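Participant: Number 136 in UniProt numbering belongs to position 136 of the sequence shown; there are no gaps in the numbering.
The beta-carbon is built from N, C-alpha and C at its ideal position, and this holds for glycine as well.
No experiment lies behind these values; they were computed from the predicted model shown.
This is the structure, below, for whatever I ask next.
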Amino acid sequence: METLLELLKKTETYYTKKGIKNPRLEAEKLFAKALNLDRIMLYAKYDEKLSKEQKEIIKRCMQEDVKEENEIKQLLDSSIVYLKKHNINEAALIAELIFSNVMKIDRLMLFMSYDKKLDDDQKEKIRKMLKKIAIDKLPYQYIINQQNFYGRDFYVDKGVLIPRYDTENLVEKVIKIADKNSIILDIGTGSGAIGITLALELPDSKVLAVDISEKAIDVARKNKEDLSAKNVKILKSDVFSNVSFHEFDVIVSNPPYISNEEIENIGLDTYIHEPHEALFAKSDGLYFYYKIANEAREYLKNNGILAFEIGYKQKEAVCKILEEFSYCDINTYKDLDNHDRVIICRYRRG
């Protein structure tokens, strides 16, 4: 028969392998509970041999503790399986974001929190969130009201398009090309992701961010305040309609550019839930490129920069529009998937 000390050491080793914090302390607490002793009294009984019944009690208590200890991991793993079953991309990332949001911790700290317990309200909240994603195809960003863009968390809701990582290419190129003290116009700002990011990355710049949507204006203003972007002004305007300044160094836009013929190529979650006015454009998706390129000539200073995000099949068409309106130094840039994604050019008078 094993002594209490021998079995205690085995339990400590088992807890260590399971990744339980403070394995020795937890093992002692378990034994004290199972044997109905004060933990301090265990030391006086190290050499005593345990009966079969006592071992069974300890075993049951240990199994219950380990089950509770791993509850979050088990729920997380089953949530990932559930999302994958419903063909949700990035299931693991989404599940981790949902759990960390409900637990109010950073996602990177989730794996350090497996020893915590979820109450019934938290479990129910997670269940409802997962169902909305899997069944209703609601983008998780609208559920947690957050999307990371260029290293910052932006508030988003169904009134604005969810910022895409591809759009970071546009921001990055403008940051590299623009002067540090540029005056910048962001057309169709939506959540404010482009304009606010440029303002924060170029703190000596001044940014005017415009959108026709009142909902988008509200979201952009919230993000401006939350991210302390003091060098940004948010203005409701249909492209240039309410813009009075005519000497911008940079005009940047990620306009709606999906044509009606391309609807079948976008995800169901995007089509159902994201604002169509921020996605689709007439004239084969080229309407806003034509309108902005035409009117921007009156709002750019000489040698000013015009920068667009484009659809991956639109390079030739947009370049042709820019050439038609006498833009020069036209350059295109690819995204990480090797698709044409950004066009930057200049306008020189005379």
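Since ASN331 contacts ILE310 with CB under 8 Å, what's their CB separation in whole angstroms?
Facilitator: No, ASN331 and ILE310 are not in contact; Cβ-Cβ is about 12 Å, not under 8 Å.
Participant: Give the single residue among GLY192, VAL243 and PRO255 whose Cα lies nearest to the Cα of SER228.
Facilitator: GLY192
Participant: Do TYR299 and VAL243 have their beta-carbon atoms positioned less than 8 Å apart in this structure?
Facilitator: yes
Participant: State the beta-bridge partners of residue 435 as determined by DSSP.
Facilitator: Coverage of the chain is limited to positions 1 through 350, which leaves residue 435 absent and any answer about it impossible.
Participant: Report back the beta-carbon spacing between TYR327 and ALA293 to the nearest angstrom; my notes put them in contact at under 8 Å.
Facilitator: 7 Å
Participant: Leaving out five residues before and five after LYS125 in sequence, what residues of the same chain have Cβ atoms less than 8 Å from its Cβ?
Facilitator: VAL102
Participant: Let's see if you can read the secondary structure: which residues bound the alpha helix (DSSP H) around ARG221?
Facilitator: 214-226
Participant: My output table needs one value for LYS33: the three-state DSSP class, helix, strand or coil.
Facilitator: In the structure shown, the three-state DSSP call for LYS33 is helix.
Participant: Among ASN303, GLU6, SER51 and ALA220, whose alpha-carbon lies nearest the alpha-carbon of ILE234?
Facilitator: ALA220
Participant: Flag this pair as yes or no: are the beta carbons of VAL160 and ASN145 separated by less than 8 Å?
Facilitator: For VAL160 and ASN145, no; Cβs fall outside 8 Å.
Participant: If I measure Cβ to Cβ from ASP238 and keep anything under 8 Å in the same chain, skipping five residues before and after, which residues do I get?
Facilitator: ILE212
Participant: Which class does SER100 belong to by DSSP, given the choice of helix, strand or coil?
Facilitator: helix
Participant: Should the region 161-173 be called in touch with the region 119-135, which here means at least 3 C-beta pairs below 8 Å?
Facilitator: With the cut-off at 8 Å, the region 161-173 and the region 119-135 do not touch.
Participant: Just grab the DSSP bridge partners of GLY152 for me.
Facilitator: Reading off the sequence, residue 152 comes out as Arg, not Gly. Bridge partners of ARG152: PHE149.
Participant: If you follow the alpha helix (DSSP H) that LEU177 is in, where does it begin and where does it stop?
Facilitator: Per the sequence shown, residue 177 should be read as Ile rather than Leu. Here the alpha helix (DSSP H) through ILE177 covers 167-177.
Participant: On the CB-based measure, 16 or more other CB atoms within 10 Å of its CB, does ASP136 come out buried or exposed?
Facilitator: exposed
Participant: Can you tell me where the beta strand (DSSP E) holding ASP249 begins and where it ends?
Facilitator: 248-253
Participant: Could you name the residues of the same chain whose beta carbon sits closer than 8 Å to that of ILE88, not counting the 5 residues immediately before and after it, in chain order?
Facilitator: Excluding positions up to five away in sequence, the list reads ILE94, ILE133 and ALA134.
Participant: For ILE20, which option in GLN141, ARG346, MET112 and VAL318 has the closest C-alpha, if you only look at C-alpha atoms?
Facilitator: Of GLN141, ARG346, MET112 and VAL318, the residue nearest in Cα terms is MET112.
Participant: Among the residues of its own chain, which have a CB less than 7 Å from the CB of TYR333, if the five just before and after it don't count?
Facilitator: ASN169, LYS173, ARG341 and VAL342
Participant: Quick check on GLN141: buried or exposed, where buried means 16 or more other Cβ atoms within 10 Å of its Cβ?
Facilitator: buried
Participant: Between which residues of its own chain and residue 353 is the CB-CB distance below 8 Å, once the five residues before and five after are set aside?
Facilitator: The structure shown has nothing for residue 353, since the chain only spans 1 to 350.
Participant: Could you check the C-alpha separation between ALA216 and ASP226 for me, to the nearest Å?
Facilitator: 15 Å
Participant: Here's a check: name, in chain order, each residue in its chain whose Cβ is nearer than 7 Å to the Cβ of VAL232, leaving out the five neighbours to either side.
Facilitator: GLY195, ILE196, ALA199, VAL207, ALA209 and LYS224
Participant: How many Å lie between ASP106 and SER100 at the Cα?
Facilitator: 6 Å
Participant: In or out: VAL81 buried (at least 16 other Cβ within 10 Å) or exposed?
Facilitator: exposed
Participant: Quick one: Cα of PRO255 to Cα of LEU108, how far?
Facilitator: Computed Cα separation, rounded: 34 Å.
Participant: Buried or exposed: which applies to TYR165, given that a residue is buried once 16 or more other Cβ atoms fall within 10 Å of its Cβ?
Facilitator: exposed
Participant: Taking the alpha carbon of ALA317 as the point to measure from, which residue in ASN302, LYS301, TYR287 and ARG346 has its own alpha carbon closest?
Facilitator: TYR287
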